[in-house]
Each structure stands twice: as C-alpha cells, then as structure tokens.
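Single-structure report; data block below.
Residue numbers (our numbering), protein chains in the order written: chain V, 283 to 616; chain P, 283 to 616.
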C-alpha cells in the first residue's frame, strides 16, 4: 500500500494557493514573528494569539500571488505582505473591541482575554509596524495605496457605526461600507504586489480583481454569520445579529417584510430588545424573503467581475489559482 | 492715549512662539481642517471637537520652528506639522478610551460624548491620515522617524498598562515609558522639521532638544495632575490617581514611605479601593516625602539638557524662543 500526496485538484483552492506559495508564506510568517518582538511582553503575546491562531492569510497571499505572477521569487514582497497582514490584524483587534466580540478563529478574542485597553494599544502598535514595514519597499506608490486603504477601512468602520441602527438604509450604503472595510484592502493587497513586480499596467486590473473578490468575500461572510456551522466558521454564528449589526441579508429583507415582521426586526436591531428565540425567528424571516439567495446572487455578480478582471493576464498557474479562489470564496464555509 | 501691542517679553514663551509662527500655524490648522473632511459626518465632528478645543499645538510648533530656524518659510512642512498633530490627537483619543477619562481641554472627552467605539475608529482614521500627509513629503527619512515614533508611542502605552499596578517598579521603567509615550514624538517633531529644511547635521541636536523637552514636559504634567488648578490644567486634577496610574511622584515617594503609608498607597493604586478623602491623604504623603520637589528636579535636569542641545545652533530669534519654551514647560500651569 502506498500513500500518495494529494493532487492539486484534490485540495481546496485556498490550500492550493498556500501550497504554491508555501516558501514565500513561510518567509512572511517569519517577518510577522520578528516584527511582533518587543521588550513589552504583552505585544508578542497578544499579537501571536491572534495572528498565529489560524488566520487564512488571504490578503498577504494576494500580495505574494500578484508578485509571483510576474517574477520568479517574491522575496522583495515578503515584508510588504506582512505589512498587509498587520493592517488587517490591527483592524480585527479594534473591530472586536468596537463589536464587543468574544470569539474569533475558534479562540476567545484578544479583548476577551486581555481587555479592551490592550487590544486598542496593540492594534496601534501593529498599524505603526505595518507602516515601518511598507516604508522598506522604498516605493511611494505602494505607500500611498496602503495609507489610502488604511484611511478607507476606518472611514468604513465609522460609517458602519453611524448607520448601525438604520433598517431603511439603502443597499448602496451598505455596499459602500463593505467596499471601504474589506474590498479596498483586498484591492490594495493585489495592487502593491503587482507594483513591486514593476508591472504598472497590470496593477489596475489586478486591483479590480481584488476589489471584486473582497466584495464577494464579505457578502458571503455576512451570509455565513447567519447560516454557517460555527465550528467551521471559527467564530460565533449570530454575532452580527446579537450586536444589532445590520448587514446585507437584513437590509435585503426589510422592504418586503410585513408590518409584524418589521416590528420584530425593529425590536431586535433598533431597540436591541432581543429574546431567547429571536435569532431563529429572524433567520426564518430572512429566509422567507430570500435574503440569502439575493445576497448570494450579488456576491456571485462581484465574483463574475473578479473573474473578468483576470482574463487579460497571461497564462500562469497562479492565474488559475486566483480564478479558483473566487469560486472558493463563494462556496466557502470558513 | 495710545494702545500699544504687547512686547514679546510681556507674553509667555508659548504664545510668543505661536505669534512668531502664526502664519504657518494658520496654514497647519487649514490642512488639519481639510483632512478631517469626510462624507462620514462623525469623523469631522469628533475630530474637530478634540483638535480645535484649544490644543497647544506644541508638537507641530516644534516642527515648524525647526524648519524656520533655517528657511525663510515653512510652506513645505505645513502638511508634515499637521501629520505630527494627527499622530498626537490619535493617541489622545485612544488614551482617553484606555484611561476611561471624562474630561480633556476643559471639555468632555470624545469617548464620553460619542462612546469608545467612535473614539477608537476616528483615532485609527487620524493615524491613517497622518500617514497620507507625511507621504507627501517624499522623504523616506521623515517617514521612518515618524513611523518609529508611532510604534514607540504604542509600545510605551502597552508598557504602562503592564506596569500600571506595580508600586515597586524602578524609576527607570517609568522614565522609559515617558520617553516612549511623549519624548519620542517631541524629538521626531523637531527632527522631521529640520530634515525638511535639508539640515541633516542639525537633526540630531534638535532631536535631542525635543527629546529632553518632552521628558521635562511629561514629568511636569504628572506633577500637575496632583497640584494644578483644574481650570488652568483643562482636565481633571487627580485623573492619574483615580485611574490608579502610578506616575513619577508616586514611585519617588514609595520607597521612603512608612509601612502604614505603603498600605494606603497599595489600597489606592493596587487594590483600587479608593475612599472619598484618599486623594488629599495621598497628596499629603507625596508632599511629605518631597516627591514633587524630586520630580521637579528631574524635570529641570532634562530641561538643562534640552538647553545645552540648543547651544551649537546659530543665533536666531527662534533659537531664543525654543530656549524660553523650556522654562515655560517647567513653570507652566497648563
């Protein structure tokens, strides 16, 4: 009996991408670990808790992939990919404080373990570190793209805060939030990897790919917060519901709800008066109005745009892997 | 009867410095206002609340002054000075969340008005904006210095958090915190202004000036938190005490305290079991052990070093104003 290594077709596209870029990803993890070092012990402790707790590394993978599409090695983007992951991790730390989340990546959140104060400050440290890392690229275009993405993320977060109890907000508002909070960093991750490979002409289409992949990814994320198996999601199902966070499935259902259903949604999302069975009741309302199907169609349309953006690229195994990644984001259960 | 304009000697050194750089400072305020603009209304609202509530603009003034020492105008440092103020403001926003402060610059803190969530996120926005502004200098040395200062500030904050209930911490630990949290940004503000004037050789001494000025400033700040007239301080007297924050006056007293006095300090700073009259009692203990005198002497020694660092500079009205600013920081009641 012989044991055979899994073929690339046997594994999911994210794992395949990670496998293709395993050497580079290992180098990124090394840079991350080095840059978490600090004589202030709470920084590596808290940082490692989150960063090495099974993060998907999706954003740094995009940076590495967009670089390797054009270059034999991605050594010059290792630090940059780590910077992208640091920006993401910093926003997660602050996000969990803002949302008062208790669970992420199957572990208690940093704020649940070390308190909000530590999460805020270590988040700031990671932001500063990301900036230090990206300066090392000596590339002002890269700096501008990532600084703009950082501003966009916080702008999106504040926008979400301002709108968090408005059931009648237009879908476009929510899409703008998703764009600012998620898609911009996906786009930036792709663009900077491409620019570091000196492929200015490919930066816009690959940014476009990242942008649309990010939109699809986040919409699926919002669906999964209602429908996923919590063990596979790695965080609590119903988090958004419990925080009264109005996401796409809710906004898509609301206009077609009956007066009684609207009252239930108002009580749960505006008055924040949630009763024990309310999650199931709200889930039923959202299903009845085909919210998840509608949201999923929207995610698919962004996925299609991401796919189109890839087409002008020359043939390359990574082009196929990036293409497969779109499907993976659409069918994922993570 | 004729009205005469006040002579420069009649006004305090900070006002004199502001007056000398009034044109540049006005331009900085304009850049600040422009960069607070956002379609997300909470960002300018919250940002303006803090930034235009009578901040001293000490750090951007240092940047402008160090530039104007060598150049006729400081136009090229306007954005940079605004970036320095944004870094400072972002840390204030997060600091007030971490410390749960209620009052700053005679106004309720942003977190007291809009909640911790908004303060965390708008702080992040200001950090990102500061990056955007400093990138416009096209100067990698400037970027490196300010990114390092940002990392240092959060490292200092986390260190303070780790040590916040240790009455036996060595004085050196606390000085390291003050250096990281305050002095590094003062030093950076001076260095980047100097570098933008293409005066590489003067960057180190002026950084040294800023570093020592920052140490003196923060130590006096910690004294004032116990001794100042609250109307002049612009924030609550006794804030540090109520938060159980162990500052220099407390650490300087503790080793020479009697067993009974140590118990009182432990109850107030470690167990956080504070009774109505405890602030006066602790104040008396600190005075009895000459904590404020000792702390003040330390501040003076940093002031002396700041003064020495200025001496090699060529004669200039701003050299005198920066020199006067040291004395002002030492005798200030703000």
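C-beta atoms are modelled at their ideal positions from N, C-alpha and C, and glycine is treated no differently.
Nothing here was measured: the structure is a model prediction, and the numbers come from that model.
When you compare the segment 448-456 of chain P with the segment 464-478 of chain P, are there three or more beta-carbon pairs, one atom per stretch, that lie closer than 8 Å? no
Consider the Cβ of residue 370 (chain V): report whether some Cβ of chain P lies at a distance smaller than 8 Å. no
What's the C-alpha gap between residue 581 (chain P) and residue 339 (chain P)? 21 Å
Cβ of residue 330 (chain V) within 8 Å of any chain P Cβ: no
Quick one: which chain V residues come within Cβ less than 8 Å of residue 420 (chain P)? What residue 420 (chain P) touches in chain V: 422.
Which of helix, strand or coil DSSP assigns to residue 559 (chain P): Assignment of residue 559 (chain P) by DSSP, reduced to helix, strand and coil, places it in the coil class.
Under a CB-based cut-off of 8 Å, is residue 314 (chain P) close to chain V? no
Is the separation between the beta-carbon of residue 295 (chain P) and that of residue 603 (chain P) shorter than 8 Å? yes
Cβ neighbour criterion (16 or more within 10 Å) applied to residue 420 (chain V): exposed
Label residue 503 (chain P) either buried or exposed according to how many other C-beta atoms from any shown protein chain fall within 10 Å of its C-beta, with 16 as the threshold for buried. Residue 503 (chain P) comes out buried.
Assess, as a yes-or-no matter, whether the segment 452-471 of chain V is touched by the segment 339-353 of chain V under the definition of 3 or more beta carbon pairs within less than 8 Å. Flag = yes, the segment 339-353 of chain V and the segment 452-471 of chain V touch.
Counted within 10 angstroms of its Cβ, other Cβ atoms place residue 554 (chain V) as buried (16 or more) or exposed: The Cβ neighbour count for residue 554 (chain V), taken over all protein chains shown within 10 Å, is under 16; the residue is labelled exposed.
Against residue 376 (chain V), what residues of chain P qualify as contacts under a CB-to-CB distance less than 8 Å, listed in chain order? Per Cβ cutoff of 8 Å: 402, 403 and 406.
Please list, in chain order, all residues of the same chain as residue 427 (chain V) whose beta carbon is under 7 Å from its beta carbon, the five residues on each side excluded. 470, 473 and 474
Chain-ordered chain P contacts of residue 429 (chain V) [CB-CB under 7 Å]: 410, 413, 414 and 417
Within 8 Å, strictly: CB atoms of residue 406 (chain P) and residue 376 (chain V): yes
Between the alpha carbons of residue 598 (chain V) and residue 342 (chain V), how many angstroms are there, rounded? 19 Å
Excluding the 5 residues preceding and the 5 following residue 430 (chain V) in the sequence, name in chain order all residues of the same chain whose CB lies nearer than 8 Å to its CB. 466 and 470
Inspect the beta-carbon positions of residue 505 (chain P) and residue 422 (chain P) and report whether they are closer than 8 Å. Taking 8 Å as the Cβ cut-off, residue 505 (chain P) and residue 422 (chain P) do not qualify as a contacting pair.
Against chain A, with Cβ distances strictly below 8 Å, would residue 456 (chain P) count as a contact? Checking the listed chains, one finds no chain A in this structure; the protein chains it contains are V and P.
So, for residue 288 (chain P): in the same chain, excluding its five sequence neighbours on each side, which residues have a beta-carbon less than 6 Å away from its beta-carbon? The predicted model places residue 288 (chain P) with a pLDDT of 41, which falls under 50 and marks its position as unreliable, so this point remains unresolved.
From the beta carbon of residue 324 (chain V), is the nearest beta carbon of chain P less than 8 Å away? yes
Classify residue 559 (chain P): buried if its beta carbon has 16 or more other beta carbons within 10 angstroms, exposed otherwise. It is exposed - the Cβ of residue 559 (chain P) has fewer than 16 other Cβ atoms within 10 Å.
Considering only their Cβ atoms, is the gap separating residue 400 (chain P) from residue 299 (chain V) smaller than 8 Å? no
Residues of chain P with CB under 9 Å from residue 524 (chain V), in chain order? What residue 524 (chain V) touches in chain P: nothing, since even the nearest Cβ is about 16 Å away.
C-alpha distance - residue 618 (chain P) paired with residue 379 (chain P), whole-angstrom precision: The question about residue 618 (chain P) has no answer here: the residues shown for chain P are numbered 283 through 616.
For a contact meaning CB atoms closer than 8 Å, what does residue 426 (chain V) contact in chain P? Scanning chain P for C-beta atoms nearer than 8 Å to the C-beta of residue 426 (chain V) yields 414 and 417, reported in chain order.
Using 8 Å as the limit for Cβ to Cβ distance, is residue 439 (chain P) near chain V? yes
How many angstroms separate the CA atom of residue 501 (chain P) from the CA atom of residue 359 (chain V)? 43 Å
Does the distance from the C-beta atom of residue 368 (chain V) to that of residue 303 (chain V) stay below 8 Å? no
Leaving out five residues on either side along the sequence, give the residues of the same chain with a beta carbon under 8 Å from the beta carbon of residue 607 (chain V). Excluding residues up to 5 positions away in sequence, 295, 296, 299 and 495 lie with their Cβ nearer than 8 Å to the Cβ of residue 607 (chain V) in the same chain.
Taking the alpha carbon of residue 311 (chain P) as the reference point, which residue from P:344, P:353 and P:363 has its own alpha carbon closest? P:363
Chain V within 8 Å of residue 307 (chain P), Cβ atoms only: False, the Cβ-Cβ gap to chain V never drops below 8 Å.
Distance check for residue 577 (chain V) and residue 529 (chain P), CA to CA, integer angstroms please. 53 Å
Candidates P:417, P:527, P:499 and P:523: which alpha carbon is nearest residue 441 (chain P)'s? Checked all of P:417, P:527, P:499 and P:523; the closest Cα to residue 441 (chain P) is P:527.
Determine the contact status of residue 583 (chain V) and residue 592 (chain V), defining contact as a CB-CB distance below 8 Å. No, the Cβ-Cβ distance between residue 583 (chain V) and residue 592 (chain V) is not below 8 Å.
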